[in-house]
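Chemist:
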Amino acid sequence: MKQFCTVFRFTFIDAVRKKAFIVSTAILLVLILIACMIPRAIEWFTPDKSGAPNEIAQAGEGAFFSEGSPIYLMDESGAIENAQSYLEALGYQVNSIGENEIETAENAVLNGEADAIIKITSSDEVPTAEILIKDFMHAPNTASIIDQLNNAWRAGKLSEAGADEAILEIIHTSVPVYEQALGSMDLTGYTFGIVASMLMFFAVYFYGISVANSVAMEKTSRVMETLVVSAKPSMILLGKCAAMGTAGLVQMAGIILYGVVAYNLLVPEGTMIFGMQLSFSGVTPVNLIVIILYFLLGYALYALLYAVCGATVSRIEDISPALMPVSMISMVSFYIGYFTSIMGNSSGAIEWVARYVPFCAPFGMPFRLLNGSVTVSQCAISLFVMLIAILLVSGLSIRLYKASIMHYGNRLKIKDLFKR
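With the first letter of the sequence shown counted as 1, position 277 gets the number 280 in the working numbering; the numbers rise by one all the way through.
(1) Relative to the C-alpha of Ala325, which candidate in Trp355, Asn216 and Ile345 has its C-alpha closest?
(2) Considering Cα atoms alone, identify which of Ala206, Cys244 and Val360 is closest to Ser400.
(3) What is the DSSP secondary structure of Glu128, counted as helix, strand or coil?
(4) Using a Cβ-Cβ cut-off of 6 Å (strictly less than) and excluding sequence neighbours within five positions of Gly211, which residues of its own chain qualify?
(5) Return the first residue and the last residue of the beta strand (DSSP E) that Leu76 is part of.
(6) Check Glu102 in the structure and name its three-state DSSP category.
(7) Excluding the 5 residues flanking Gln381 on each side, which residues of the same chain have their C-beta closer than 7 Å to its C-beta?
(8) What number of angstroms, rounded off, separates the C-alpha of Ala119 from the C-alpha of Thr107?
(9) How many angstroms separate the CA atom of Gly351 from the CA atom of Val311?
(10) Figure out for me which residue from Ser147, Leu240, Gln151 and Phe298 has the closest Cα to the Cα of Ile83.
(11) Give a yes or no on whether 8 Å exceeds the smallest Cβ distance from Ile134 to chain B.
(12) Could you tell me which residues DSSP puts in a beta bridge with Asp138?
(13) Quick test of your reading: Ile258 and Leu32, contact by CB under 8 Å. State the CB separation rounded to the nearest angstrom.
(14) Confirm, please, whether the CB-CB distance from Leu93 to Ala86 is below 8 Å.
(15) For Val263, which of Val286, Gly398 and Thr124 has the nearest alpha-carbon?
(16) Nearest to Val218 by CA position, among Tyr261, Ile332, Met247 and Met201, is which residue?
(17) Per DSSP, which residues does Tyr181 bridge with? Please list them.
(18) Can you check which of these residues, Ala314, Tyr341 and Ser385, is closest to Leu300 by C-alpha distance?
(19) When you compare only the Cα positions, how much space is there between Met195 and Thr9?
(20) Mind checking Ile292: buried by the 16 CB within 10 Å criterion, or exposed?
(21) For Glu262, report the span of its alpha helix (DSSP H) as first-last.
(22) Within the continuous alpha helix (DSSP H) that includes Ala310, where are the two ends?
(23) Would you mind working out which of Leu268, Ile148 and Ser237 sits nearest Ser72, comparing C-alpha positions?
(24) Whose CA, out of Phe139, Ile136, Ser213 and Gly81, lies closest to the CA of Ala155?
(25) Could you please give me the residues that DSSP links to Ile121 through a beta bridge?
(26) May I ask which residues mark the beginning and end of the alpha helix (DSSP H) holding Met327?
(27) Please return the same chain residues whose Cβ sits closer than 7 Å to the Cβ of Ala158, not counting the five positions on each side in sequence.
(28) Report the partner residues of Val214 according to the DSSP bridge assignment.
(29) Following the continuous alpha helix (DSSP H) through Phe15, name the residue where it begins and the one where it ends.
(30) For the alpha helix (DSSP H) containing Ala82, list its first residue and its last residue.
(31) What are the partner residues of Gln381, as DSSP defines its beta bridges?
(32) Would you decide whether Lys160 is buried or exposed? Buried here means 16 or more other CB atoms lie within 10 Å of its CB.
(33) Count the other C-beta atoms from every protein chain shown that fall within 10 angstroms of the C-beta of Pro328, then say buried if there are 16 or more, exposed otherwise.
(34) Should Gly313 be labelled buried (16 or more other beta-carbon atoms within 10 Å of its own) or exposed?
(35) With DSSP as the reference, identify every bridge partner of Gly96, one or two as the case may be.
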């Protein structure tokens with residue numbers, strides 16, 4: 004344990020003193036400050052525009068749904084007489100339901116078996132329609148639905164009216180429509196999830212490379228020979244990985260704390276982004292703890308591999324080719340986790356890989372966690388699989404590290420490592 008602590012202390016102090024660590028921290032703090040000042044600057048330079056808000060909330064078109072998908076229609080009052088036929092004219096499969104079937108319909112929308120629920124209620128002379136969707140990523144073409152509901156209602160009223168004044172009044176009257184998401188994903192959660200996944204990748208990637216460079220530098224400068232005399236190779240490997248991970252965690256914690264303070268002090272309350280209120284409701288203490296666990300486990304997994312790569316070279320110029328295999332694994336894993344997240348895939352083999360394969364999970368699961376698209380059991384299984392993978396990789400890495408740490412000359416090949 005004393006050997007581990009000695010290596011840990013030396014590596015940690017050396018890491019936080021480097022210019023790269025100080026400069027990267029300063030740049031991130033400045034970027035956070037600028038990002039938090041933008042809403043305030045917009046508020047300062049935007050003239051105050053008073054006036055009544057538009058009573059009709061019309062949503063934009065969904066990106067992943069086409070006409071012809073199933074939707075539910077609940078109109079027990081018969082306020083819009085021909086609503087079903089008008090919606091079917093768009094190509095939707097319209098299923099009429101009653102109040103007692105609403106819970107089943109909501110589960111169907113959340114599970115992706117239906118696109119939306121349209122609830123029509125009678126209110127004075129003009130009925131009200133409410134469209135329930137899973138989230139903003141999974142919405143049908145609500146604009147066309149709104150138009151058809153208006154057309155159906157106006158057609159029914161026009162058939163009853165006979166005076167020109169009544170016709171003009173009906174033409175200028177619209178059905179109030181409100182959109183409500185049943186899922187937990189919103190625009191800010193989606194954006195913050197993307198940022199979290201990208202930060203996770205850069206943190207794991209660059210801190211892992213820092214471990215490899217540290218090992219390679221000490222080996223090529225012959226410092227490693229002194230370290231091997233005073234500490235076991237396994238303690239050197241684990242101590243270096245733990246120290247760099249701690250340095251990264253301290254940096255991330257400081258940046259997050261700074262971001263929270265800057266947000267509370269600089270960002271105006273009720274700030275809107277693309278018409279939606281800025282909210283971090285998905286960033287709970289539990290979610291943050293789980294994301295930190297993914298960072299620690301993801302970093303540990305890659306850092307062990309990067310350290311072995313750094314130990315296989317005898318010249319610092321050879322470090323880039325040595326890191327190529329692990330760098331390729333990390334890049335491919337990141338793209339699998341990242342793109343399956345932002346595309347909203349919820350099933351299939353690739354989604355399974357993004358959630359449970361240890362190399363991919365650190366990059367894909369934070370987004371899913373922040374947007375409520377994974378369950379507690381799925382997170383637990385994913386973390387458990389990562390932990391098992393780290394134990395297996397650590398045993399293999401220690402063996403390879405011992406075999407390569409004192410080898411000089413040509414860079415060792417994989418088959419030569421296993422022969423030692």
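C-beta atoms are modelled at their ideal positions from N, C-alpha and C, and glycine is treated no differently.
It should be emphasised that the depicted structure is a prediction, and the values quoted were computed from it without experimental measurement.
Modeler: According to the structure data:
(1) Counted from its first residue, the sequence shown places residue 325 at position 322. Ranking the options by Cα distance to Ala325, first place goes to Asn216.
(2) Sequence index remark: in the sequence shown, residue 400 carries index 397 (1-based). Of the candidates Ala206, Cys244 and Val360, the one whose C-alpha sits nearest the C-alpha of Ser400 is Cys244.
(3) Along the sequence shown, read from residue 1 onward, the residue named residue 128 stands at position 125. Glu128 falls in the coil class under three-state DSSP.
(4) Counted from its first residue, the sequence shown places residue 211 at position 208. For Gly211, where only same-chain residues beyond five positions count, the Cβ hits under 6 Å are Tyr305, Ala306 and Tyr309.
(5) Position 73 of the sequence shown holds residue 76. Element bounds for Leu76: Pro73 to Met77.
(6) In the sequence shown, the residue the question calls residue 102 occupies position 99. DSSP places Glu102 in helix when its eight states are reduced to three.
(7) Taking the sequence shown and counting its residues from 1, the one referred to as residue 381 is at position 378. If we look at Gln381 and ignore the five residues flanking it on each side, its Cβ neighbours are Arg358.
(8) Within the sequence shown, residue 119 is the residue found at index 116, counting from 1. Within the sequence shown, residue 107 is the residue found at index 104, counting from 1. Ala119 and Thr107: Cα-Cα distance of roughly 12 Å.
(9) Position 348 of the sequence shown, counting from 1, holds the residue named residue 351. Position 308 of the sequence shown, counting from 1, holds the residue named residue 311. Going from the Cα of Gly351 to the Cα of Val311 covers about 34 Å.
(10) Reading the sequence shown from its first residue, position 80 is the one you call residue 83. Closest by alpha carbon: Gln151.
(11) Considering every chain present, this structure includes no chain B. It has just one protein chain.
(12) Within the sequence shown, residue 138 is the residue found at index 135, counting from 1. Paired residues: His141.
(13) Position 255 of the sequence shown holds residue 258. Position 29 of the sequence shown holds residue 32. Indeed, because the Cβ distance is near 7 Å, the residues count as touching under 8 Å.
(14) Start at 1 with the first residue of the sequence shown, and residue 86 comes out as number 83. Start at 1 with the first residue of the sequence shown, and residue 93 comes out as number 90. Result no, Cβ atoms of Ala86 and Leu93 do not sit closer than 8 Å.
(15) Taking the sequence shown and counting its residues from 1, the one referred to as residue 263 is at position 260. Out of Val286, Gly398 and Thr124, Val286 has the C-alpha closest to the C-alpha of Val263.
(16) As a working note, residue 218 is residue 215 in the sequence shown. When only C-alpha atoms are compared, the closest one is Met247.
(17) Numbered from 1 along the sequence shown, position 178 holds the residue referred to as residue 181. Answer is Glu133, bridged to Tyr181.
(18) If you number the sequence shown from 1, residue 300 lands on position 297. Measuring from the Cα of Leu300, the nearest candidate turns out to be Ser385.
(19) Working through the sequence shown from its first residue, we reach residue 195 at position 192. Working through the sequence shown from its first residue, we reach residue 9 at position 6. The identity of residue 195 in the sequence shown is Phe, whereas the question assumes Met. Each residue's alpha carbon lies about 38 Å from the other.
(20) Here the question's residue 292 lines up with position 289 in the sequence shown. The residue is exposed, with fewer than 16 neighbouring Cβ atoms inside 10 Å.
(21) Here residue 262 corresponds to residue number 259 of the sequence shown, with the count starting at 1. Per the sequence presented here, residue 262 reads as Gly, with Glu not at that position. Per DSSP, Gly262 belongs to the alpha helix (DSSP H) from Pro236 to Leu269.
(22) Counting from one through the sequence shown, the residue named residue 310 turns up at place 307. Looking at the DSSP string, the run of the alpha helix (DSSP H) that includes Ala310 is Pro288 to Ala314.
(23) As a first step, residue 72 is located in the sequence shown; it is residue number 69 there, counting from the start. Taking only the C-alpha atoms, the option nearest Ser72 is Ile148.
(24) Numbered from 1 along the sequence shown, position 152 holds the residue referred to as residue 155. Per the Cα distances, Gly81.
(25) Locating residue 121 in the sequence shown gives position 118, counting from the first residue. Its beta-bridge partners are Leu76 and Ile134.
(26) Within the sequence shown, numbered from 1, the residue matching residue 327 stands at position 324. Met327 -> alpha helix (DSSP H) spans Ile322 to Ile345.
(27) Residue mapping note: residue 158 aligns to position 155 of the sequence shown, counting from 1. The answer, listed in chain order, is Asn85.
(28) For the purposes of this step, residue 214 is taken as the residue at position 211 of the sequence shown. In DSSP, Val214 forms no bridge with anything.
(29) Numbered from its first residue, the sequence shown carries residue 15 at position 12. Phe15 -> alpha helix (DSSP H) spans Lys5 to Arg20.
(30) Walking along the sequence shown from the start, residue 82 turns up at place 79. From DSSP, Ala82 is part of no alpha helix (DSSP H); its letter is neither H nor E.
(31) The residue given as residue 381 occupies position 378 in the sequence shown. Looking at the DSSP assignment, Gln381 forms no beta bridge with any residue, so it has no partner.
(32) In the sequence shown, residue 160 corresponds to position 157, counting from 1. So Lys160 counts as buried.
(33) Within the sequence shown, residue 328 is the residue found at index 325, counting from 1. Label assigned to Pro328: exposed.
(34) Within the sequence shown, the letter at position 310 stands for residue 313. It counts as buried.
(35) Locating residue 96 in the sequence shown gives position 93, where the first residue counts as 1. According to the sequence displayed, residue 96 carries Gln and not Gly. Answer is Pro73.
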